[in-house]
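Engineer:
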Amino acid sequence: MKIAFTLCSINYLAQAKSLSETLKKTNPDWRFIYGIADKNVNNVDLSFLDGETLFVEDLAIEGFDDMVKRYTIVELVTSVKPYYFSHLFKKYPEADKIAYFDPDIQVFQPLTDLEAKLDQYDIVLTPHFTQPIPENDKSLPTEIHIFNTGVFNLGFLAVKRSKSTFEMLKWWEDKLRYDCIVDLTRGYFVDQLWMNLVPAYFDNVYIDKYPGYNMAHWNLHDRVLTKVNGSYMVNGVPLIFYHFSHYNPGRPEQIAAYHDRFNFSSRPDLVELYDGYKNDLLKFNYFGLKKNTCFYMHDEKQKTRKRNIENFLRQALPMSMKSSLKKLIGK
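With full-length UniProt numbering, the residue at position 104 of the sequence shown is 104, and numbering never jumps.
(1) Provide the residue span of the alpha helix (DSSP H) that contains residue 78, from first to last.
(2) Let me know the secondary structure DSSP gives residue 332 once reduced to three states.
(3) Closer than 7 angstroms to a non-hydrogen atom of the ligand SAM - does that hold for the CB of residue 256?
(4) When you compare the CB positions of residue 77 and residue 23, do they come within less than 8 angstroms of one another, or not?
(5) The beta strand (DSSP E) with residue 276 in it runs from where to where?
(6) With a 10 Å radius around its C-beta and 16 neighbouring C-beta atoms as the bar for buried, classify residue 251 as buried or exposed.
(7) Report the residue ranges of all beta strand (DSSP E) runs contained in full by the stretch 8-44; include only those spanning at least 3 residues, in chain order.
(8) Reducing DSSP to helix, strand and coil, say where residue 295 ends up.
(9) Alpha carbon to alpha carbon, how far is residue 300 from residue 230?
(10) If you run the structure through DSSP and keep just helix, strand and coil, what is residue 4?
(11) Taking the alpha helix (DSSP H) that residue 332 belongs to, which residues open and close that run?
(12) How about residue 202 and residue 173: are their beta carbons less than 8 angstroms apart?
(13) Does residue 268 come out as helix, strand or coil in the three-state DSSP assignment?
(14) Count the other C-beta atoms from every protein chain shown that fall within 10 angstroms of the C-beta of residue 322, then say buried if there are 16 or more, exposed otherwise.
(15) For residue 258, does the count of other Cβ atoms within 10 angstroms reach 16, so buried, or fall short, so exposed?
(16) In whole angstroms, give me the CA-to-CA distance for residue 105 and residue 273.
(17) Which runs of the alpha helix (DSSP H) fall wholly inside the stretch 198-255 and span at least 4 residues, in chain order?
(18) Is the CB-CB distance between residue 205 and residue 125 below 8 angstroms?
(19) Would you call residue 144 buried or exposed, if buried means 16 or more other Cβ atoms sit within 10 Å of its Cβ?
(20) For the beta strand (DSSP E) that contains residue 160, what are its first and last residues?
(21) Using CA coordinates, which residue listed in 55, 41, 137, 31 is at the minimum distance from residue 8?
(22) Given a cut-off of 8 angstroms, decide if residue 123 and residue 86 are closer than it, judged by their beta-carbon atoms.
(23) Given residue 260, which residues of its chain have a CB within under 7 angstroms of its CB, disregarding the five upstream and five downstream residues?
(24) So, does the stretch 270-287 touch the stretch 144-154, judging by three or more C-beta pairs under 8 angstroms?
(25) Can you tell me where the beta strand (DSSP E) with residue 52 in it begins and where it stops?
(26) Do the stretch 34-45 and the stretch 285-299 meet, that is, are 3 or more Cβ pairs less than 8 angstroms apart?
(27) Quick one: grab the DSSP three-state call for residue 144.
(28) What are the residues that DSSP puts in a beta bridge with residue 188?
(29) Can you grab the Cα-Cα spacing for the pair residue 242 / residue 89, in whole Å?
(30) Would residue 4 count as contacting chain D if we go by Cβ distances under 8 angstroms?
(31) Return the Cβ separation of residue 221 and residue 246 in integer angstroms, given the expectation that the two are a contact with Cβ distance under 8 angstroms.
Here you go:
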C-alpha cells in the first residue's frame, strides 16, 4: 500500500482539498489521508473533503498538551509530522511507502518515478535550490534565507518502511517534541532545519534534484514552465508537483509572500498555473474556511514575547548565571 497525507488545521482545508483532488486524479492507487491538527468545535461541514481524516488527538502523542502550550500554531502543526508517519506505519502494516505533501501542493503526474526511488532508497528529500542564485541577484529569497531555514524543503518527504526510516522518525520525534520552534537567532526553524542532518545521520537517503519535484517560488530562478500537448513541463521534463507556498488568492497579483524576484509580468509561464490554482481554492471555499481559528491556537503573541525575553536574557546574562536561567525556563 502507498499512502499520501497532508497536515493542516481546518482553516487550510481548501488547499488540502485541492491537493487531494489532483492526487486522486493522477494517482488513484495512492491512499490519501487528511491529517488535521485541530478540533472541529465549530461543527464545520467536512463532508466536502470526500476522504479519510485523521485528527491529531487520535494519535495520543505523549506530551501533546505541553506542546500545545509551548508552540505557536505553525510550530505545532509541523511538530506532529513525524508522529503521523509513525502512526500510519503502525495503523497500516501493509503500507510500505508513505509520502507527505504540504496542503498547498498540486500533483500533476503519476508518482511512478518516486515509487521507483523508494524501491531503491529509504528516504527521499528535495532541496530548495539545485542551482546557485546569480551573484548580483539580491532579490528574495536568498541563499542566506536557505541557510537559516533549511537546505531541504519539508513540504515534501517520502519514506519507505525500513529500519533506517524508523530510526530517523524516532530521532525526529524526539527533536520536535521540544525544539520545533522558529528562532533563527538560535538556529531553529520548525521541523525543517533538523533535516539538514538526515543525510549525515541515516543510511540510504536520496536527495532528489529532479526539477519537476517541488517547483516553487524559491527555485524559479532555475526552472521554467512550458506546456506541451496539454501537460506542464519544467526545463523540458514533466512537472510532477508544484508547491504554491505563501500564495494568497486574496492577492492574486503576487506569486508569493516573501518573494520579490519575479512577478507574473516577468514570468508569464506561471499565469495559467496560478489562475487554475486560485480557481480551485475559491471553489473549495477558501475564504469561508479561512475564518476558522484553530482550536489549539492560544496566546500566540505571548508565546513569542516570552521567547524573545528568554533570548534577550541568554545574551545579556553573564555566563555564570546562564545555568540558573536554563533551570528557570527549562532549556
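Cβ atoms here follow ideal geometry from the backbone N, Cα and C, with glycine treated the same way.
Predicted model only: the values in this text are computed from it and were never measured.
Structural biologist: Taking the definition as stated:
(1) Counting along the chain, the alpha helix (DSSP H) containing residue 78 begins and ends at 73-79.
(2) There is no way to answer for residue 332, as the model of the chain reaches only from 1 to 331.
(3) The ligand SAM is not among the ligands present in this structure, which contains no ligands whatsoever.
(4) For the 8 angstroms CB-CB criterion, residue 77 and residue 23 do not form a contact.
(5) If you look at residue 276, you'll find it isn't in any beta strand (DSSP E); it sits in the alpha helix (DSSP H) that goes 271-283.
(6) So residue 251 ends up on the exposed side.
(7) Contiguous beta strand (DSSP E) elements confined to the stretch 8-44 occur at 31-36, taking only those with 3 or more residues.
(8) Here residue 295 carries a coil assignment [DSSP, helix/strand/coil].
(9) Residue 230 has its alpha-carbon roughly 45 angstroms from the corresponding atom of residue 300.
(10) Look at residue 4 here: in three-state DSSP terms it is strand.
(11) Absent from the structure is residue 332, since the part of the chain shown begins at 1 and ends at 331.
(12) Contact flag unset, no.
(13) Collapsing the DSSP output to three states places residue 268 in a helix.
(14) Here the model assigns residue 322 a pLDDT of 49, short of 50, so the residue's position is not dependable and the matter cannot be decided.
(15) Note on residue 258: under 16 other CB atoms within 10 angstroms of its CB, so exposed under the neighbour-count rule.
(16) Here the alpha carbon of residue 105 sits roughly 12 angstroms from the alpha carbon of residue 273.
(17) Counting only unbroken stretches of 4 or more residues, the alpha helix (DSSP H) elements lying wholly within the stretch 198-255 are 198-201, in sequence order.
(18) Their beta carbons are under 8 angstroms apart, which means residue 205 touches residue 125 by this criterion.
(19) It counts as exposed.
(20) For residue 160, the uninterrupted beta strand (DSSP E) run begins and ends at 156-160, by DSSP.
(21) Minimum Cα distance to residue 8 is reached at 55.
(22) Cβ distance not < 8 angstroms, so residue 86 and residue 123 don't count as in contact.
(23) If we look at residue 260 and ignore the five residues flanking it on each side, its Cβ neighbours are 139, 140.
(24) Taking a cut-off of 8 angstroms for Cβ pairs, the stretch 270-287 and the stretch 144-154 do not touch, as fewer than three such pairs fall below it.
(25) Segment 52-55, the beta strand (DSSP E) holding residue 52.
(26) Contact holds: three or more Cβ-Cβ distances are below 8 angstroms.
(27) Residue state, collapsed to three classes: helix.
(28) Note: residue 188 sits in a beta bridge opposite 183.
(29) Between residue 242 and residue 89, the C-alpha separation is close to 26 angstroms.
(30) In the displayed structure, chain D is absent; only one protein chain is listed.
(31) Between residue 246 and residue 221 the Cβ distance is about 16 angstroms, and since that is not below 8 angstroms, they are no contact.
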